Structures are given as C-alpha cells and as structure tokens.
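For reference, the structure is listed below as structure tokens.
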C-alpha cells in the first residue's frame, strides 16, 4: 500500500501524454483492502433508498476516500474530495469506448481490483474525417479514431485519476487475450518489476502472475 499520500507527491505519478492531465498510482490500496472491497459485492444495489454518500463509505470505506482526497487531485472540485469512485473487478472482456457519467465530473478515480487491464483512450474524429470506423453509442453520429491516443496499464490495487479526459476523450478495454504492438504510456510507473519489464520490452504476462 502507498505509504504517504499528500498533494505534494501527485506530480510524481503524472502520465506523460500530450492530451490531458492523468495520474497513475500503483499500490494505492493494500491486498487486505482489496479483499474487503471485493466482499462488498453489490451492496449499493441492496440499499436503493440510502444516500449515495452513505453507500459510498459502505462500499469504498472512509479511509480510502480520505486517501483519494489527500492526493490533492480533487482540490478544484466542488466537494474538495471524492464523492464517487469507480471500482473495477474485470476479467477478460470488452468494454466499448465510452465517456463516464456526468456525475463524475470534474475528476474520475478508477481503482482496479483482482486483475490487471489495459485502458485505451480514444478521441472523437473531425466531422469531415471518414477514417474513423468506431461509433460512440451515447453520442449518435460521432465517430472515434480507431487508434488510441494513448494506453495505460493498470495493475491490481492501483488507481488512475483523470480530469478533463472525462469529456474530451473516451476510454475502453479491448475484448482480447493479447495486446499486440500497444505502446503503454505509464510503463515507468508500473510497480511490479516483472510486469514493467514485460510491458516495456515485450513478452507474455499471465493473469496468474498477479
């Protein structure tokens, strides 16, 4: 787990991309916290009449919310802290390129659980550009460039924090078992030595290695 989490340290985890601000922090939660989060299951859906803030603390835990707040990433948000967090428990599957719900504006923090995954970020095409075959279901008629603007590797128990990528780009996870010829933007910040070497230099990484 991350030993210290203050606003002064956030730039260290900056993802080097030209399009927007994004931060990747490995080991953001411990294995024990990961187990706790996984045990929560669909608890939010079991309490439809409770306030979201209460449900969030049940699902995420106030200490994890405090850790997110202490990064400083939410300093410009109306609540000065996280009121929602996306918790990913993903196996191999296809998540189509999409924007997050407006409720997450202006900052989105995604904590990955159980497995590693590769997030691809896409941008909308120009109206006159016909070389963009992907279509966004939420925005009918808007095409997306097929080639990602950048891609990030998410380790289990890591968090990725994004700002205006929320509105300017879409993100998705390909439903493939092999990511071929993908350049990972955040490879230098990958904590696991074996993962970092494979992601940067090439090789095969199995989910059983996690």
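Residue numbers (the working numbering): 2 to 211. Every residue gets a Cβ at the ideal spot worked out from N, C-alpha and C, and that includes glycine. In this text the structure is predicted, and so the values were computed from the model without any measurement.
query: The beta strand (DSSP E) that contains residue 1, what's its start and end?; result: The structure shown has nothing for residue 1, since the chain only spans 2 to 211.
query: If you check the beta carbons only, do residue 145 and residue 114 fall under 8 Å apart?; result: no
query: Applying the 10 Å Cβ sphere with the 16-neighbour rule, what's the burial state of residue 117?; result: buried
query: Would you kindly work out how many angstroms separate the C-alpha atoms of residue 164 and residue 126, rounded to a whole number?; result: 20 Å
query: Could you name the residues that DSSP lists as bridge partners for residue 171?; result: 123
query: Which of helix, strand or coil does DSSP assign to residue 24?; result: strand
query: Going by DSSP, name the residue or residues bridged to residue 150.; result: Note: residue 150 sits in no beta bridge, so no partner.
query: From this set, 159, 187, 169, 173, which residue's C-alpha is nearest residue 16's C-alpha?; result: 187
query: Which same chain residues, not among the five before or five after residue 191, have their C-beta less than 7 Å away from its C-beta?; result: 27, 154, 156, 197, 200
query: Is the beta carbon of residue 184 less than 8 Å from the beta carbon of residue 25?; result: no
query: Determine whether the Cβ of residue 152 lies closer than 8 Å to any Cβ atom of chain C.; result: Although the question refers to chain C, the structure presented lacks it and comprises just one protein chain.
query: Does the Cβ of residue 53 have 16 or more other Cβ atoms within 10 Å, making it buried, or fewer, making it exposed?; result: Note that residue 53 scores 42 on pLDDT, short of 50, meaning its location in the model is unreliable; the coordinates nonetheless yield the value given after this. Label assigned to residue 53: exposed.
query: What is the residue span of the alpha helix (DSSP H) that residue 161 lies within?; result: Run containing residue 161: none in the alpha helix (DSSP H); it sits in the beta strand (DSSP E), 160-163.
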